[in-house]
Amino acid sequence: MPSIRRLPPEVASRIAAGEVVERPASVLKELIENSIDAGARRIDVACEGAGRKLLRVADDGCGMGPEDCRVAFERHATSKIKDFEDLDSLATFGFRGEALFAVCAVAKVALTSTPKGSRKGWRVEADAGKVKREHEAPPVEGTVVEVRDLFHNTPARAKFLKSDASERAQLARVIEEAALANPAIAFHYKSEGRATLDFPARTGDEVAALRARAQDVLGAGIGSGLLLATAGRPGLSLRALVSATDSLTSSRGYQLAFVNRRPVSNRTVQQALYRAYEPFRERNRHPAAVLFLEVPADQVDVNVHPTKREVRFRSESAVYESVSQAVSKVLLEAKGIPTLDSLRRVPAAGYPAADFSSRVAEAAELPVGPAPRKTGEERPWFDPGLRYLGQIERAYLVFEVDGGLLMVDQHAAQERVLFERYMRDLKGGRPAVQKLMLPVPVELPASAVAEAAAKAERLKAAGFEVEPYGKTILHVTAIPGVFASEEDVKDLVHRAIDGLASPSAAAADVKYHAAATVACKAAVKAHDPLSELEALRLLKDLRACEDGTCCPHGRPAMLSFTRDELARRFKRPGAPPR
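The numbering used here applies: residue 133 is where the sequence shown begins, and numbers increase by one.
Have a look at this one:
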């Protein structure tokens, strides 16, 4: 007897169905995408038994005639492609075909449809991959698909479904994703006979509609405070709503990415998002984000996985840079913590209105303490415009600013100043480098030593010169000029090697971690005494930073209390008169 045999068609179809139909939510996703491609403006979903007993999707789309209803259940039936080359330019999700065959291989399916303007509807009933019955139906425009008894003929697969609560959560997630990607479509969802989700159509201005739909889906608490980030370059455009830096959540569950309106999972997009938040994010805090990428169909492969959940971009680096730069830009423009820019107020009457930076520079040249004044002479700007009050525990610098208080963490502030200087050097390709009299040995796994040797040029661009010494030793022969001790060198090289693990972000990570660690090691420490002039110079340097609100690791560099806030905290009716 031969060892290899052909599987019966009914067995083969059930196995193939497993690539598309993993759970009730997989079925719902396919049916909703069909409705969207049919031009639906309203989609109603109902389920019973967490989708195992019944999934019903009704839409008001273009509908189908009898022949299309029948062919849609056949294997390899589709409205999307005619030739193999069409796979490179798919711009739709699907239209009734493809998934219906897989679904009816493991469930009982009934499709009822009426084309727009027709006086006759048609109904097709199928089971186990075959059409069992078809007949005329009442002429209700649109299409209704009912899927019953999922996995009734493959009980082994039904056993691997999760609890009803878990499966219902997956169904709701599918509807939420579809609603976010299509704000102009109304979605209504009933679960076990009870209305569960109701997303009215959001029309008009695209950004306003997207914001409204984000609040519908994510809730007003999260959705109302999202910032808009945009980017555009040839072959790629981005529109994203992201959390402000002071509105991060403890869950990753509020992050959704879409490519050409298709919900996707892509590591490059996720890494780019976290790259933008790295300076501001504490451990176990995560941004909420709804990201929409639009790319030409031939620049993205949606067929990496049968469910099309995972995608692959032709230019991963372009996607990474667009997302990280756009999100970083909007975070810097709309920080949720006070910035020094907010302290540039109109001075009180009788005081000079010099630029803030020039005032600090001027103050650095003045002797400590208020200088004596002649009668009629203008008061120096720091009294009361900006005045240094002193240190708290030799860690926090305290200033009076326009009747309010500004407190600066001296270590975090100087860390930010040094970080930005070093980053400018790195971006300009000219980091200050010092040769070491003796090489510093850094012990690493053999694979890491080989990786570092292969990426020696990238490390050199960050100010390091390295060479292998045996299988598990890396000799560091040159380091960034602001670096000091052997212990610091080892720590930084470990960070740099870790950054090389992500190919799409390697160069950026090496530079960022190098700069952040160098700055941290070189910055003035907490409990170091600072004179008034040193404090004023540090404030001047911080003011010149692109973002002086926090250190590279996300800790705040300052806190401010305006004169009005001080009055409120002391329960005064208003700020004291000037």
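Glycine is no exception: its CB is placed at the ideal position from the N, C-alpha and C atoms.
Source: prediction; values computed, not measured.
For residue i, collect the residues of the same chain with a Cβ closer than 8 Å to its Cβ; drop the 5 residues on either side in sequence, then sort them by chain order.
{"i": "alanine 372", "result": "Leu360, Ala361, Thr362, Ala421, Val422, Leu423, Phe424, Val455, Ala458 and Val459"}
{"i": "glutamate 697", "result": "Gly536"}
{"i": "serine 167", "result": "Ile175, Val189, Asp191, Gly193 and Thr275"}
According to DSSP, is residue i helix, strand or coil?
{"i": "aspartate 660", "result": "coil"}
{"i": "proline 419", "result": "coil"}
{"i": "arginine 413", "result": "coil"}
{"i": "arginine 326", "result": "strand"}
{"i": "tyrosine 601", "result": "coil"}
{"i": "leucine 373", "result": "strand"}
{"i": "lysine 185", "result": "coil"}
{"i": "leucine 358", "result": "coil"}
{"i": "proline 335", "result": "Before going further, note that residue 335 is threonine rather than proline in the sequence given. Reduced to three states, the DSSP call for threonine 335 is coil."}
{"i": "aspartate 259", "result": "strand"}
{"i": "aspartate 348", "result": "helix"}
{"i": "cysteine 236", "result": "helix"}
{"i": "alanine 594", "result": "coil"}
{"i": "proline 198", "result": "helix"}
{"i": "aspartate 86", "result": "With the chain represented from 133 up to 710, any question about residue 86 goes unanswered, as that position is not in the structure."}
{"i": "arginine 207", "result": "coil"}
{"i": "lysine 252", "result": "coil"}
{"i": "leucine 568", "result": "strand"}
{"i": "arginine 343", "result": "helix"}
Can the beta-carbon of residue i be found less than 9 Å from the beta-carbon of residue j?
{"i": "valine 256", "j": "valine 263", "result": "yes"}
{"i": "arginine 174", "j": "phenylalanine 390", "result": "no"}
{"i": "leucine 243", "j": "threonine 275", "result": "yes"}
{"i": "alanine 316", "j": "alanine 340", "result": "no"}
{"i": "aspartate 541", "j": "cysteine 683", "result": "yes"}
{"i": "glycine 253", "j": "glutamate 266", "result": "no"}
{"i": "valine 241", "j": "valine 153", "result": "no"}
{"i": "alanine 585", "j": "proline 600", "result": "yes"}
{"i": "glycine 183", "j": "valine 159", "result": "yes"}
{"i": "alanine 527", "j": "methionine 690", "result": "no"}
{"i": "glutamate 678", "j": "leucine 538", "result": "no"}
{"i": "alanine 450", "j": "leucine 368", "result": "yes"}
{"i": "leucine 350", "j": "tyrosine 321", "result": "no"}
{"i": "valine 625", "j": "threonine 609", "result": "no"}
{"i": "glycine 261", "j": "alanine 237", "result": "yes"}
{"i": "proline 366", "j": "histidine 685", "result": "no"}
{"i": "arginine 393", "j": "alanine 313", "result": "yes"}
{"i": "proline 688", "j": "glutamine 523", "result": "no"}
For the alpha helix (DSSP H) containing residue i, name the first residue and the last one.
{"i": "tyrosine 554", "result": "542–559"}
{"i": "serine 245", "result": "Premise fails: serine 245 lies in the beta strand (DSSP E), 240–246, not in any alpha helix (DSSP H)."}
{"i": "glutamate 309", "result": "296–313"}
{"i": "glycine 353", "result": "352–355"}
{"i": "glutamine 721", "result": "Residue numbering for the chain in the displayed model covers 133 to 710; residue 721 lies beyond these limits and cannot be assessed."}
{"i": "isoleucine 175", "result": "Isoleucine 175 -> not in any alpha helix (DSSP H); beta strand (DSSP E) instead, spanning 174–180."}
{"i": "serine 449", "result": "448–465"}
{"i": "arginine 701", "result": "695–701"}
{"i": "isoleucine 524", "result": "Looking at the DSSP string, isoleucine 524 is not in any alpha helix (DSSP H); the run it does join, the beta strand (DSSP E), is 518–524."}
{"i": "arginine 704", "result": "Premise fails: arginine 704 is in no alpha helix (DSSP H) and is neither H nor E."}
Give the single residue among the options whose Cα lies nearest to the Cα of residue i.
{"i": "arginine 695", "options": "Leu187, Leu518, Ala316 and Lys185", "result": "Leu518"}
{"i": "proline 156", "options": "Ala239, Val434 and Gly195", "result": "Ala239"}
{"i": "histidine 325", "options": "Asp259, Asp176 and Arg415", "result": "Histidine is not the amino acid found at residue 325; the sequence shown has glycine there. Among Asp259, Asp176 and Arg415, the Cα nearest to that of glycine 325 belongs to Asp176."}
{"i": "phenylalanine 693", "options": "Gln566, Glu532, Asp660 and Gly595", "result": "Glu532"}
{"i": "leucine 674", "options": "Val427, Glu552 and Tyr520", "result": "Glu552"}
{"i": "lysine 161", "options": "Ala311, Ile136, Cys201 and Thr286", "result": "Ala311"}
{"i": "alanine 258", "options": "Cys201, Gly249 and Ile605", "result": "Cys201"}
{"i": "tyrosine 413", "options": "Val621, Asn392, Arg384 and Ala667", "result": "Checking the displayed sequence, the identity of residue 413 turns out to be arginine instead of tyrosine. Here the closest residue by C-alpha is Arg384."}
{"i": "alanine 667", "options": "Tyr520, Gly171, Leu342 and Pro428", "result": "Tyr520"}
{"i": "alanine 564", "options": "Glu547, Asn398, Phe445 and Phe596", "result": "Phe596"}
{"i": "glutamate 448", "options": "Arg441, Val427, Lys461 and Val462", "result": "Val427"}
{"i": "valine 549", "options": "Thr681, Leu186, Leu662 and Gln347", "result": "Thr681"}
{"i": "aspartate 330", "options": "Arg345, Asp337, Glu180 and Glu338", "result": "Arg345"}
{"i": "leucine 163", "options": "Arg251, Phe292, Arg446 and Val306", "result": "Val306"}
{"i": "valine 530", "options": "Glu664, Gly364, Glu199 and Asn398", "result": "Glu664"}
By Cβ distance, which residues of its chain are closer than 6 Å to residue i, with the 5 residues on each side in sequence left out?
{"i": "arginine 188", "result": "Ala178 and Glu278"}
{"i": "glutamate 379", "result": "The displayed chain sequence assigns serine, not glutamate, to residue 379. Closer than 6 Å at Cβ, skipping near neighbours: Gly357."}
{"i": "alanine 404", "result": "Tyr452, Val455 and Ser456"}
{"i": "threonine 246", "result": "Gly195, Gly253, Pro271, Val272 and Glu273"}
{"i": "arginine 505", "result": "Here arginine 505 scores only 37 on pLDDT, less than 50, and its place in the model should not be relied on; the value that follows carries that caveat. Cβ within range, chain order: n/a, list empty."}
{"i": "aspartate 296", "result": "Ala182"}
{"i": "glutamate 712", "result": "Since the first residue of the chain shown is 133 and the last is 710, residue 712 is not available in this structure."}
{"i": "valine 396", "result": "Ala389 and Val443"}
In chain order, what residues of the same chain have a beta carbon less than 7 Å from the beta carbon of residue i, not counting five sequence neighbours either side?
{"i": "alanine 376", "result": "Gly357, Leu359, Ala466 and Gly468"}
{"i": "arginine 300", "result": "Ala182 and Ser323"}
{"i": "arginine 701", "result": "none"}
Just checking: is the beta-carbon of residue i within a distance shorter than 9 Å of some beta-carbon in chain D?
{"i": "phenylalanine 331", "result": "Structure shown: chain D not included; a single protein chain is present."}
Start and end of the beta strand (DSSP E) containing residue i?
{"i": "proline 395", "result": "394–396"}
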